[in-house]
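So in the working numbering, spot 38 of the sequence shown is number 42, and the numbers just go up one at a time.
The beta carbon of each residue, even a glycine, is placed where N, CA and C say it ideally should be.
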Amino acid sequence: MEPWPEACFKAYDIRGRASGDGSGELTPEFAYRLGRALATYLECESYAVGRDIRDSSPALASQLMAGLADGGVRVLDLGIVSTGCVYHACWTLPVNGGVMVTASHLPMPTHNGFKMCRGTLPLAGEEIQELKAVFLKGKFVEGSGEIVDQPHMDAYLDAIVESTGPMARPVKVAVDCGNAVPGPYMVELLTKMG
Numbered sequence: 005m006e007p008w009p010e011a012c013f014k015a016y017d018i019r020g021r022a023s024g025d026g027s028g029e030l031t032p033e034f035a036y037r038l039g040r041a042l043a044t045y046l047e048c049e050s051y052a053v054g055r056d057i058r059d060s061s062p063a064l065a066s067q068l069m070a071g072l073a074d075g076g077v078r079v080l081d082l083g084i085v086s087t088g089c090v091y092h093a094c095w096t097l098p099v100n101g102g103v104m105v106t107a108s109h110l111p112m113p114t115h116n117g118f119k120m121c122r123g124t125l126p127l128a129g130e131e132i133q134e135l136k137a138v139f140l141k142g143k144f145v146e147g148s149g150e151i152v153d154q155p156h157m158d159a160y161l162d163a164i165v166e167s168t169g170p171m172a173r174p175v176k177v178a179v180d181c182g183n184a185v186p187g188p189y190m191v192e193l194l195t196k197m198g
């Protein structure tokens with residue numbers, strides 16, 4: 005087997021080439037191993053997982069969750085959500101953190117990545133390097149976790165409306181979500197806001 009792509013472990017996330025056919029640097033095998041490494045490194049009991057709409061995201065998220073569950077973690081599958089929704093879930097659901105499968109700001113459909121949280125704070129810097137060391141070593145905790153469907157986007161939209169309040173007056177808006185996850189939710193959000 006070729007060595008794991010160590011360069012994908014960046015300062016604030018994990019990013020690399022990924023394809024809907026399972027090829028690239030971030031493969032389903034990489035995602036499974038990352039799930040095992042996260043379960044070991046974070047020693048968490050429960051973890052939220054969301055994903056974006058890239059072609060490679062379903063397989064990466066599925067294998068990441070399988071790896072977490074095989075490490076004894078109760079995984080809450082948020083489904084297709086925005087990154088902000090995963091952060092909200094880390095604050096409001098009974099989880100020890102979360103991960104968003106996304107290439108974030110990268111426009112290329114050939115890339116993907118993982119943005120991770122320990123508790124409510126992003127995993128970054130030295131922590132990602134420590135996670136990489138666990139990932140490369142391959143000595144993981146064993147367990148029998150579970151994967152539970154936990155849709156969260158409605159709760160996130162309600163929290164946005166609660167924090168902003170209703171609009172003072174009706175306004176006309178134009179929104180360009182750039183073919184991203186928020187697109188389908190914008191009509192619902194703006195309607196709720198008045």
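First through last residue of the beta strand (DSSP E) which encompasses residue i
i: methionine 190; result: No beta strand (DSSP E) holds methionine 190; the alpha helix (DSSP H) holding it covers 187-197.
i: alanine 52; result: 50-55
i: valine 152; result: 150-153
i: arginine 122; result: 115-122
Backbone secondary structure at residue i - three-state DSSP
i: leucine 97; result: coil
i: proline 9; result: coil
i: glycine 17; result: What sits at residue 17 in the sequence shown is aspartate, not glycine. Note: aspartate 17 maps to coil in three-state DSSP.
i: methionine 171; result: coil
i: glycine 83; result: strand
i: phenylalanine 144; result: coil
i: alanine 184; result: coil
i: valine 105; result: strand
i: glycine 88; result: helix
i: valine 110; result: Here residue 110 is leucine; the residue named in the question, valine, does not match the sequence. Three-state result, leucine 110: coil.
i: leucine 125; result: strand
i: alanine 22; result: strand
Euclidean distance between Cα positions of residue i and residue j
i: glycine 24; j: leucine 68; result: 15 Å
i: glycine 26; j: serine 108; result: 19 Å
i: leucine 20; j: glutamate 29; result: Residue identity check: residue 20 is glycine in the sequence provided, not leucine. Rounded to whole angstroms, glycine 20 to glutamate 29 spans 6 Å at the Cα level.
i: leucine 194; j: valine 175; result: 10 Å
i: valine 85; j: proline 32; result: 20 Å
i: alanine 22; j: valine 165; result: 35 Å
i: proline 7; j: phenylalanine 139; result: 12 Å
i: valine 191; j: leucine 110; result: 25 Å
i: methionine 5; j: phenylalanine 34; result: Note that methionine 5 has pLDDT 47, beneath the 50 cutoff, so the model's placement of it is unreliable and the number below is only indicative. The straight-line gap from Cα to Cα measures roughly 12 Å.
i: leucine 97; j: valine 177; result: 32 Å
i: leucine 127; j: valine 105; result: 14 Å
i: valine 3; j: glutamine 133; result: Outside the modelled stretch of the chain, which goes from 5 to 198, sits residue 3, for which no answer is possible.
i: glutamate 49; j: valine 99; result: 7 Å
i: lysine 141; j: glycine 198; result: 53 Å
Residue span of the alpha helix (DSSP H) that contains residue i, given as start and end
i: arginine 40; result: 32-46
i: aspartate 74; result: 61-74
Anticipated Cβ contact below 8 Å, residue i with residue j, distance rounded
i: glycine 129; j: alanine 15; result: 6 Å
i: leucine 46; j: glycine 101; result: 6 Å
i: tyrosine 36; j: alanine 70; result: 6 Å
i: aspartate 56; j: valine 185; result: 5 Å
i: aspartate 17; j: glycine 117; result: 5 Å
i: leucine 82; j: alanine 52; result: 6 Å
i: alanine 163; j: histidine 115; result: Alanine 163 to histidine 115, Cβ: 30 Å. No contact.
Chain D within 8 Å of residue i, Cβ atoms only
i: aspartate 59; result: Absent here is chain D; the protein component of the structure consists of one chain.
Taking 8 Å as the cut-off, does the region 165-172 touch the region 33-50 (at least 3 CB pairs, one atom from each stretch)? Result no; under three Cβ-Cβ pairs closer than 8 Å.
Do three or more CB pairs link the region 147-157 to the region 74-82 at distances below 8 Å? Enough Cβ pairs lie closer than 8 Å, so yes.
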